[in-house]
Structures are given as structure tokens and as C-alpha cells.
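Engineer:
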Amino acid sequence: MFDCIVVGAGIAGATVARKLAEEKGRKVLVIERRSHIGGNCYDKPDDYGILIHEYGPHIFHTGDEGVRAFLSRFTEWYDFGHEVVAKVGDQLIPVPFNLNTLHMVYDRDKAERLEKKLIETYGEGSRVPIMQLRENEDADVREIAEYVYKNVFLYYTMKQWGQKPEEISPEVTGRVPVVISYDNRYFKDTYQSVPLHGFTPMFEQMLEHENIEVWLNTDCTDVLSFVDGKIYFQGEEFTGDLVYTGAIDELFDCRFGRLPYRSLDFQFEHLDVDSFQDHSVVNYTVSEDFTRITEFKFLTGQKDAKGTTIVREYPFAYTGAEGEIPYYAILEEKNEKLYDRYRALTENYPRFHLLGRLAEYKYYNIDAMCRKAMDLADALD
Ligand SMILES: Cc1cc2nc3c(=O)[nH]c(=O)nc-3n(C[C@H](O)[C@H](O)[C@H](O)COP(=O)(O)OP(=O)(O)OC[C@H]3O[C@@H](n4cnc5c(N)ncnc54)[C@H](O)[C@@H]3O)c2cc1C
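My numbering puts the sequence shown at residues 331 to 711.
1) According to DSSP, simplified to helix, strand and coil, what is Lys-494?
2) Using the rule of at least 16 other Cβ atoms within 10 Å of the residue's Cβ for burial, across every protein chain shown, is Asn-678 buried or exposed?
3) What does Tyr-521 pair with, by DSSP beta-bridge criteria?
4) Measuring straight from C-alpha to C-alpha, what distance separates Ala-441 and Gly-492?
5) Excluding the 5 residues flanking Thr-569 on each side, which residues of the same chain have their C-beta closer than 6 Å to its C-beta?
6) What did DSSP end up calling Tyr-408 once you bin it into helix, strand or coil?
7) Buried or exposed, going by whether 16 or more other CB atoms sit within 10 Å of the CB of Asp-377?
8) Is the beta carbon of Glu-362 sitting closer than 9 Å to the one on Thr-621?
9) Looking only at C-alpha atoms, which of Val-508, His-600, Ser-456 sits nearest to Ala-475?
10) In the DSSP assignment, find the unbroken alpha helix (DSSP H) run with Val-482 in it and report its ends.
11) Is DSSP giving Arg-403 helix, strand or coil here?
12) Just confirm the distance between the C-beta atoms of Tyr-477 and Ile-578, as a whole number of angstroms; I'd bet it's less than 8 Å.
13) Which residues in the same chain have their Cβ closer than 7 Å to the Cβ of Phe-312, if we skip the five residues on either side of it in sequence?
14) Could you tell me if Gln-522 is buried or exposed, where buried requires 16 or more neighbouring beta carbons within 10 angstroms of its beta carbon?
15) To which residues does DSSP link His-383 through a beta bridge?
16) If you draw a straight line from the alpha carbon of Glu-317 to that of Leu-684, how long is it in whole angstroms?
17) Assuming Ile-367 contacts Ala-339 (C-beta within less than 8 Å), just tell me the rounded distance between them.
18) Leaving out the 5 sequence neighbours to the left and right, which residues in its chain are closer than 6 Å to Leu-359 when beta-carbon positions are compared?
19) Can you find at least 3 beta carbon pairs, one from the region 424–434 and one from the region 499–516, that sit closer than 8 Å?
20) On the DSSP letters alone, give me the boundaries of the beta strand (DSSP E) that Glu-362 sits inside.
21) Tell me which same chain residues have a C-beta within less than 7 Å of the C-beta of Gly-565, skipping the five on either side of it?
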């Protein structure tokens, strides 16, 4: 019945399924264990009619024309320049730290002096890692690096990754940028958008094809098994391509131990006010247990909606307990070695393809994931 099986209906699975169904005429079965499609990009209106992102705020940003063109077949866009601010004391300062931030945190004379020095030394428009600022002979310039480290980076990173200051790699710290421009946008990409009517309708369109069938509420381990280099689907040998976008350790019963992840607890709240913070995302970089608050109406373009819905994000260490979701792979050497042991188990299965943030134990943005899935579909005959 099917000549290709895709596990997972996130951006990786939906992209590969659509391309194989449409361009290669494959009969594709998509198996998804959740009750909905879209993976972590899934969004839905809440009880108050505000479109919320159930698994954290997602903004599609890309410079990849091919990816943008592919997804534009399934949605129109609400384009906007995504800006993030950090709450430091009583101020909301733009991040990454830029020339606007400089003028907010220093008095006028000092800010003007520093701006001149930064532009002369590094050039207007450049992104300078704080590591480089720290090497500057000028004490004032080094002070900017210290400001960014303490007020934008340190506490936020400790919360996000559950680390003590001494555990944070100096290499990661050094890469934190200062942007020598007045552009407050968080990303540099040409396109910065969300689907006009939401991510979920975009995924519905992607999966709406005569050659695609979607099974929701189905864990692939209930219908697939792997024995001696052969894959079985509902008890019968399956010889087509299998694209797996789930967690690789779970597929093999975590036999070598669980791959470590950071997870997030999302606490949603609806408020009977027009606006809570007047910004889509506010990072809490020096206070609070949560890392950031997202106010959805400023992200989705629903600015005139009545009331507002926000979400606070509390990071914690993923344990694999029921209901927990692995979000961020922890990219350390020992974890990557553990991943390699699991990957080696798949090498006996020639038409088995690992694709996606969980199957590859990597962080991908939506556009990079879509690109990887498009390339895989192109490569399969
Ligand atoms: C908090 C957060 C915010 C983010 N914000 C952005 C952003 O603003 N912009 C951006 O570009 N990227 C963002 N990302 C990254 C983005 O979420 C990923 O690029 C994208 O979700 C990866 O898609 P995927 O298909 O690999 O994985 P997923 O979206 O996780 O999809 C995998 C699917 O596989 C299913 N599955 C797993 N195991 C099984 C199984 N055994 N059987 C059946 N189904 C299974 C899962 O239920 C899931 O639906 C963010 C990530 C996080 C964690």
C-alpha cells in the first residue's frame, strides 16, 4: 500500500512527505504520535481566540530562497522584523546589544564617545564577539563586553542550560555579539515571518495530497519493528524508504541510556488587558526563574484582539518522564559519542533515513530543517 513511511509530522516529516508524494509519485504514510500535525511548530487558537504556539514561540526566518518559495506554496505570510528586548532593572534593552542599547545604558557623552570608537575600530554594521571587545586596549570598550556578559548573557545562560558560571564554556561566552548598528532586529535574515493564518494550516496544506495518508495518535513503535537488518510494518517486511524524525534513543529502548536534553515548562496565562509588555518577546536576563515571556498578539499580528495571552518558559533537565518533551540537545562530546552508538545501530538498514532535530540530535532552525528534508527527498529515487 505504501512505498514510503515517514515518522513524525513536523517540518522535517511534512516536507519530505510532500516532496516524495508530489515529485516522485510515492505513496507516503506519515505516522505521528501526537494528536496533531506540525511538530513543535504547532499553533492553535486558545479559549480566548488568541493564536498561541503550544511548544514555544516560532518565527520563520530565512535567507534561503528555495525554502521560502517551497513553503510559500502552502501559506501567505505575516512579515515583520522580529525584535527581542531584555529586562534589566527597570529598562527594556534591545538584544543583541547594539547602538540603541549603548545609548540606553550609558549617559549621552559616554555613549557617543563609545559609539565613535566602536565604529572606527570595527566598522558600522559589524557584529563583534565580546571576546574581541575584551582584547581592546581601551578600558571603556572592555567595559561594554563586561556589561553584556553580566546583564545579557550570564544568568540567562545559567537558567537555560542549568549551568554554574564556571561550567559555561569560555568559547560560547566569547561568541556573544555586540552589533555596531541601530538595527534592533534579532535575526539578520531577509525573510522574517509567521504564516499569515498560523503554522498548523500551513502544515495541513503541505500534507493535503492524494498520495499522502496521515495516522495521528500512532506511535511508530506500535507498527514498526527492526529485526536483523529488516524492517517490519504491521508484521510484514517493508522494503521502501523509512524516514524517521523521532528520538533515536527511544527507537532502541534507550538501551545505552537516554540522550540528555533540556526541556521547557510553558506556563500560559490569559490577561484581560490590551497589552502586557508591548513586545513579542522579553528576555529576563538578570532576574526571575523563567527565561522569557512571549506575548503572542505581537508575534502573530493579532494586535487588535481583545485581551492578551502570554507564556513564561521555565527550563529544566529532561528526564524522559511521561509528558516531558526533549527540546534542546546538549551538544557535548560524551553525548555526541552516545548518539553515534545509536546511529551505528541504524547502519544495517539501508533504506532507513535519520532526519530532524531529534533523529540527528542537533539544533535546527525551521528553514535549515526544511532545506535538509528537501535535499533528502531530492536524493531518493
Ligand atoms: C522553544 C523553541 C523555540 C523555537 N523557535 C524557533 C524559531 O523561532 N524559529 C525557527 O526557525 N526554529 C525554532 N525552533 C526550532 C524548531 O522547533 C525546529 O527546527 C523544528 O521543530 C524541527 O522540526 P522536526 O520536524 O525535526 O522536529 P519536531 O517538530 O519535533 O517534529 C518531530 C515529530 O515527530 C513526532 N514523533 C517523535 N517520535 C515519534 C514516534 N515514536 N512515533 C510517531 N511520531 C513521533 C513528534 O511527536 C513530532 O511531532 C525552536 C525550538 C524550540 C525548542
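C-beta: ideal position from N, C-alpha, C; glycine also.
In this text the structure is predicted, and so the values were computed from the model without any measurement.
Structural biologist: For this structure:
1) Taking the sequence shown and counting its residues from 1, the one referred to as residue 494 is at position 164. Lys-494 falls in the coil class under three-state DSSP.
2) Counted from its first residue, the sequence shown places residue 678 at position 348. Classification for Asn-678: exposed.
3) By one-based count along the sequence shown, residue 521 stands at place 191. DSSP, once it has assigned bridges, lists Thr-392 as partnering Tyr-521.
4) Translated into positions along the sequence shown, residue 441 becomes position 111. Translated into positions along the sequence shown, residue 492 becomes position 162. Roughly 34 Å separates the two Cα atoms.
5) On the sequence shown, position 239 is the one that residue 569 refers to. Taken in chain order, the list of residues that qualify is empty.
6) By 1-based counting over the sequence shown, the position of residue 408 is 78. Strand.
7) Here residue 377 is taken as the residue at index 47 of the sequence shown, counted from 1. Answer is exposed; the Cβ neighbour count stays below 16.
8) Position 32 of the sequence shown holds residue 362. Position 291 of the sequence shown holds residue 621. Their beta carbons are not under 9 Å apart, which means Glu-362 does not touch Thr-621 by this criterion.
9) For this step, residue 475 is matched to residue 145 along the sequence shown. Residue Val-508 is the option with its Cα nearest to Ala-475.
10) Mapped onto the sequence shown, residue 482 falls at position 152. Element bounds for Val-482: n/a, residue is neither H nor E.
11) Position 73 of the sequence shown holds residue 403. Of the three classes helix, strand and coil, the one that applies to Arg-403 here is coil, per DSSP.
12) To locate residue 477, count along the sequence shown from 1; it is residue 147. To locate residue 578, count along the sequence shown from 1; it is residue 248. The Cβ separation is near 41 Å, so there is no contact.
13) Since the displayed the chain opens at 331 and closes at 711, residue 312 lies outside it and no answer follows.
14) Position 192 of the sequence shown holds residue 522. So Gln-522 counts as buried.
15) Translated into the one-based positions of the sequence shown, residue 383 becomes position 53. Asp-373.
16) The first residue shown for the chain is 331 and the last is 711, placing residue 317 beyond what the model contains.
17) Looking up residue 367 in the sequence shown gives position 37. Looking up residue 339 in the sequence shown gives position 9. With 8 Å as the limit, Ile-367 and Ala-339 qualify as a contact, their Cβ atoms being about 4 Å apart.
18) As a first step, residue 359 must be located in the sequence shown, where it is residue number 29. Here the set comprises Phe-332, Ile-335, Glu-543.
19) yes
20) Here residue 362 refers to the residue found at position 32 of the sequence shown. Neither: Glu-362 is in no beta strand (DSSP E) and is coded neither H nor E.
21) In the sequence shown, counting from the first residue as 1, residue 565 sits at position 235. Same-chain partners within the cutoff: there are none.
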